[in-house]
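Structure first, commentary second.
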Amino acid sequence: MDTDGELKANFAGQEILLLEDDALLGKRLTASLEFMGAEVTAVATLADARSALEGLHFDFALLDLNLPDGLSLELLRERAIPENVVTILMTADGGVRSAVEAMRLGAADYLSKPF
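Counting from 6, one number per residue, gives the positions in the sequence shown under our numbering.
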């Protein structure tokens, strides 16, 4: 199977919450994930993420750390994201402290931007 086919097979039917306040990056990530077969719910604030988490089921959560209304770590601290949701944090200006906290709170990975 070619690489595109493998990616599409891996993400086909997966529900992803994308929390990203940079509109351009959010559009690019959404397009890439949808190309791979995922269903993406894209939001730009913690408030919108909380609302999405209350009403929808997700397989993955891809969260920008620094947002206009706080840190996405708050969602992990509040246990707003179910334990079975694979959560990945991403940031352009995080450090070791926030990475350690994210992992301690259950994040599967922590990515530095740009990636």
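The C-beta atom is built at its ideal place from N, Cα and C for all residues, glycine as well.
Computed from a predicted structure; not experimentally measured.
Separation of S103 from A112, as counted between CA atoms: Taking the first residue of the sequence shown as 1, we reach residue 112 at position 107. Taking the first residue of the sequence shown as 1, we reach residue 103 at position 98. Between A112 and S103, the C-alpha separation is close to 11 Å.
Which value, in whole angstroms, describes the spacing of the CA atoms of L61 and E20? Taking the first residue of the sequence shown as 1, we reach residue 61 at position 56. Taking the first residue of the sequence shown as 1, we reach residue 20 at position 15. Cα to Cα, L61 sits roughly 9 Å from E20.
Close-in-space but distant-in-sequence residues of the same chain around V45 (CB under 6 Å, 5 per side omitted): To locate residue 45, count along the sequence shown from 1; it is residue 40. If we look at V45 and ignore the five residues flanking it on each side, its Cβ neighbours are I21, L23, T35, L38 and E39.
For the candidate residues R33, K32, R109 and A43, whose alpha-carbon lies nearest to that of A17? Within the sequence shown, the letter at position 12 stands for residue 17. The option with the nearest alpha carbon to A17 is A43.
For P73 and A49, what's the separation of their Cα atoms in angstroms? As a first step, residue 73 must be located in the sequence shown, where it is residue number 68. As a first step, residue 49 must be located in the sequence shown, where it is residue number 44. The straight-line gap from Cα to Cα measures roughly 8 Å.
Starting from the N-terminal side, write out each stretch of the beta strand (DSSP E) that is 3 residues or longer and does not extend beyond the region 35 to 60. 44 to 48
Return the CA-CA distance between D98 and N89, expressed in angstroms with no decimal places. Within the sequence shown, the letter at position 93 stands for residue 98. Within the sequence shown, the letter at position 84 stands for residue 89. Cα to Cα, the separation comes out at about 27 Å.
Sheet register partners of F65 (DSSP bridge): Position 60 of the sequence shown, counted from the start, is the residue given in the question as residue 65. I21 and V91, per the DSSP bridge assignment.
Beta-carbon proximity check, L81 vs M95, cutoff 7 Å: Position 76 of the sequence shown, counted from the start, is the residue given in the question as residue 81. Position 90 of the sequence shown, counted from the start, is the residue given in the question as residue 95. No, they are not a contact pair.
Quick one, are the C-beta atoms of L58 and A85 less than 7 Å apart? In the sequence shown, the residue the question calls residue 58 occupies position 53. In the sequence shown, the residue the question calls residue 85 occupies position 80. Going by C-beta atoms, L58 is nearer than 7 Å to A85.
Quick check on DSSP: helix, strand or coil for S77? Position 72 of the sequence shown, counted from the start, is the residue given in the question as residue 77. Annotated three-state conformation of S77 is coil, per DSSP.
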